[in-house]
Amino acid sequence: MIVIHKLKKSYGDKQVLDGVDLEVVDGETHVVLGRSGEGKSVLIKHICGLLLPDTGWVSIDGVRLHTRNRKRNRPILAKVQMLFQGSALFDSMTVAQNVAFHAIEHGTATLADAERVAAEFLEMVNLADAGGLSPAEISGGMKKRAALARALAAHPNIMLYDEPTTGLDPITSAVIDQLIRETQRRVGVTSIVVTHDLRSAKAVGDRFSFLSEGKIIETGSMEQLLNSPHAVIREFMADLKEVNPVSSPR
Ligand SMILES: Nc1ncnc2c1ncn2[C@@H]1O[C@H](COP(=O)(O)OP(=O)(O)OP(=O)(O)O)[C@@H](O)[C@H]1O
Ligand SMILES: [Mg+2]
């Protein structure tokens, strides 16, 4: 279980997170929704230990992340992988070497083994033929899939996805959604997904939370959020529906 307790984070005089409370239970896919710039990426980066809170804390399976010393969090964070909003592939490595990065880093594979180690995961994301290319040579959608393959190849227990389908065509988005679902089913991964894509949210989410003005103001089912007592949530959902109808057949 992931617990976020009264988490606060500011940049300069901007209070981005102002006491976030959130519980994500084992095995669920929890979708975090919220307007652009509300702090969704900042929040998710606290869970993978990339950012440290001003006050408050994050705990993973009962262990609180150290709030001042990043190094001490390494053992607990070994089970967490993150798909970054901007993919964040290593430009100096091939796609296959990126995907095999975890194994290379842990000494269970060499750069020369990368193609072999990465093959299964590249296949999973429909990139079987792209292993030898460099990140500069592939499209944004392919980068996202390569980054997903890299994360999955590390066999995480917890997956964090920051806008996994944003900017992708509907078919590629559906492939990503399916992978998120399959990963959850196959290994019982606990996931947090930040997304603006209502169709994707509906396809992958078990529970939904809405971040507004630095706090989670509601958690519940999609139905509950669509009928939320908070006008800001209803308006947000209505806007999304127009761009991306939630009733589309899947
Ligand atoms: N390193 C930083 N330094 C200063 N301000 C930052 C930094 N990172 C984030 N912010 C600010 O924190 C706020 C929240 O940013 P964040 O990227 O988390 O938003 P978001 O909800 O993920 O938005 P989007 O939906 O557009 O991705 C923004 O106002 C942003 O400018
Ligand atoms: Mg973001």
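Going by our numbering, the first residue of the sequence shown is number 13, and it counts up by one from there.
Even glycine gets a Cβ: it sits at the ideal position worked out from N, Cα and C.
Check, Outcome
"Closer than 8 Å: Asp174 CB and nearest ligand 2 heavy atom", "yes"
"Distance between Val36 and Ile228 (C-alpha atoms, nearest Å)", "13 Å"
"Pick from Tyr23, Ala161, Pro147 that is closest to Gly49, judged by C-alpha positions", "Tyr23"
"Length of the line joining the Cα atoms of Glu117 and Ile170", "19 Å"
"Contact check, Val44 vs His58, beta carbons under 9 Å", "no"
"Exposed unless 16 or more other CB atoms sit within 10 angstroms - verdict on Val75", "exposed"
"Simplified DSSP assignment, three categories, for Met234", "helix"
"Nearest-angstrom beta carbon gap, Gly217 and Thr41 [assumed within contact, 8 Å]", "6 Å"
"Buried versus exposed call for Leu19 [16 or more other C-beta atoms within 10 Å across all chains shown]", "buried"
"Met171 - DSSP class collapsed to helix/strand/coil", "strand"
"Identity of the residues DSSP links to Lys26 by a beta bridge", "Tyr23"
"9 Å Cβ cutoff met for Lys52 and Asp174", "yes"
"His17 beta carbon less than 9 Å from that of Asp38", "no"
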